[in-house]
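The structure under discussion appears below in the form of structure tokens.
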Amino acid sequence: MKDLKDQTAFVTGGASGLGLATARALAARGARLILADIEAAKVEAAAAELRATGADAIGLRLNVAEEAEWARVGEAAGRFGEVSVLFSNAGVGGGSGKFETYDTEVWRWAYAVNAHAHLYACRTFLGAMKASGRPAHLALTASMVAIVPPPISVAYISSKFATLGIAMALRNELADTNVGISVLCPGMSATNIVATTQKLRPGATEQGGAAQTAQNMSGVLAGGMSPEKIGQRVVRAIQAGEFFIFTHPEWKGMAEAQFAEMLAAFGESADPGYRGDDIAGLIAANGAKRMNVAVKA
Ligand SMILES: NC(=O)c1ccc[n+]([C@@H]2O[C@H](COP(=O)([O-])OP(=O)(O)OC[C@H]3O[C@@H](n4cnc5c(N)ncnc54)[C@H](O)[C@@H]3O)[C@@H](O)[C@H]2O)c1
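Counting from 56, one number per residue, gives the positions in the sequence shown under the numbering used here.
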């Protein structure tokens, strides 16, 4: 999507951090913005900030985890403009603590916000984006933790793996359509995510070691990359049609080591007499033309 001028973009988590930074970068290229966020006052303030710079922007209150809320927001968005850029970005941290004692309510919440919401976003907008036949783009925010998992929350990491999986599967589905797709995998960025998570998480407030870990993470993230730089990078990727958006190359060596380990684990077939999977047949059986993976000869 080279030209973003007068395109309408819908950004979840648009009141803060990477969502707002990307919205600013989109607005700087002439896009019209619909910011959606669970924080009603903050999202309205963010939209007002964009309008003050001359952009056309509205803010809508939306809990991305509540499927029923999407219909109302979809209608309001439709009155503002035909969405051609969808940035499904809202996300929360997973909190801390050992997996065997992890709060099941917090688990469901983290998955609802970080993973299930992408389906609701696509059910609301993707069909019309395709039907328009005009250039359109979908971007999802995963994380570098979905490429190289550090020793942090299992709920956060695994829900971000779900986002990466959704993006990689959708990439096949959107091949040969007018809709491009990107997946944002940032490393650390100085956003409000720890405070946002503490405020929005259901159930009891974290105590003891878990609270201390959150405090420590807050300090680590404060030294992270500027969200503005990441937002600008996201917009360049949308314009260039790049799938993976890697913003933090310092993780590359760990990604290489991890994939090398995985590749080394491919050994002999468990059944040396087996002819091997019919991958072309698998693709054809699903009505697809190709798989979005380049295989070296
Ligand atoms: N900050 C980082 O280091 C980092 C790294 C990798 C990925 N990410 C991802 O970036 C995305 C944006 O987070 P951020 O770091 O900008 O944090 P942030 O807290 O500054 O912004 C997130 C926004 O999402 C909103 N939000 C949270 N739950 C919501 C819900 N249920 N419905 C609607 N809005 C909701 C919050 O109100 C907030 O405005 C997230 O998906 C996060 O996982 C962040």
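The beta-carbon is built from N, C-alpha and C at its ideal position, and this holds for glycine as well.
- A191 has V234 as its beta-bridge partners, per DSSP.
- Looking at the backbone, the Cα of A259 and that of T156 are separated by about 13 Å.
- Going by DSSP, I212 is part of the alpha helix (DSSP H) stretching over V209 to L229.
- When C-alpha distances from V200 are compared across N347, P327, K307 and V348, the shortest belongs to K307.
- With contacts defined as CB atoms closer than 8 Å, A76 and V140 fail to qualify as a contacting pair.
- Judged by their CB atoms, L115 and G286 are not nearer to each other than the 8 Å cut-off.
- With contacts defined by Cβ atoms closer than 8 Å, S213 and I293 do not form a contacting pair.
- Of all C-beta pairs linking the stretch 143-160 to the stretch 63-72, three or more are shorter than 8 Å, placing the two stretches in contact.
- Around the beta carbon of I334, a 10 Å sphere encloses fewer than 16 other beta carbons of the protein chains shown; the residue is thus reported as exposed.
- The residue from S151, N227, V209 and P304 with its alpha-carbon nearest to that of A266 is S151.
- Within 10 angstroms of the beta-carbon of G149 lie 16 or more other beta-carbons, which makes it buried.
- By the neighbour-count definition (other C-beta atoms within 10 Å, threshold 16), G235 is a buried residue.
- DSSP places G114 inside the beta strand (DSSP E), whose first and last residues are A112 to R116.
- Only residues of its own chain outside the window of five on either side were considered, and among them G69, A70, L90, A91, D92, G114, L115 and R116 have a CB closer than 8 Å to the CB of V98, listed in chain order.
- Between N169 and V147, the beta carbon gap of about 7 Å places them in contact (Cβ cut-off 8 Å).
- Exclusion of G129 from the 7 Å shell around ligand 1 follows from its C-beta lying no nearer than that to any non-hydrogen atom of the ligand.
- The distance from the Cβ of T218 to that of L195 is about 5 Å, consistent with a contact at the 8 Å cut-off.
- Taking every protein chain shown into account, the CB of E261 has 16 or more other CB atoms within 10 angstroms, so this residue is buried.
- Looking from the CA of F154, the closest CA among I202, R330, A210 and A325 belongs to A210.
- Taking N341 as reference, the option from A310, N227, M272 and E316 with the minimal CA-CA separation is N227.
- Rounded to whole angstroms, A103 and P257 show a C-alpha spacing of 30 Å.
- Taking the Cβ atoms as the reference, S244 lies roughly 5 Å from P282, within the contact range of under 8 Å.
- Not one heavy atom of ligand 1 falls within 7 Å of the beta-carbon of G342.
- When L81, T232 and L174 are compared, the shortest CA-CA separation from G220 is found for L174.
- Inter-residue distance for L105 and T268 is about 35 Å (C-alpha atoms, whole angstroms).
- In terms of side-chain proximity, the C-beta atom of K97 is found nearer than 7 Å to a non-hydrogen atom of ligand 1.
- By the criterion of a C-beta distance shorter than 8 Å, L181 is surrounded in its chain by L141, L193 and V234, once the five residues flanking it on both sides are discounted.
- Contact between C240 and A172 fails: their C-beta atoms lie close to 18 Å from each other, not under 8 Å.
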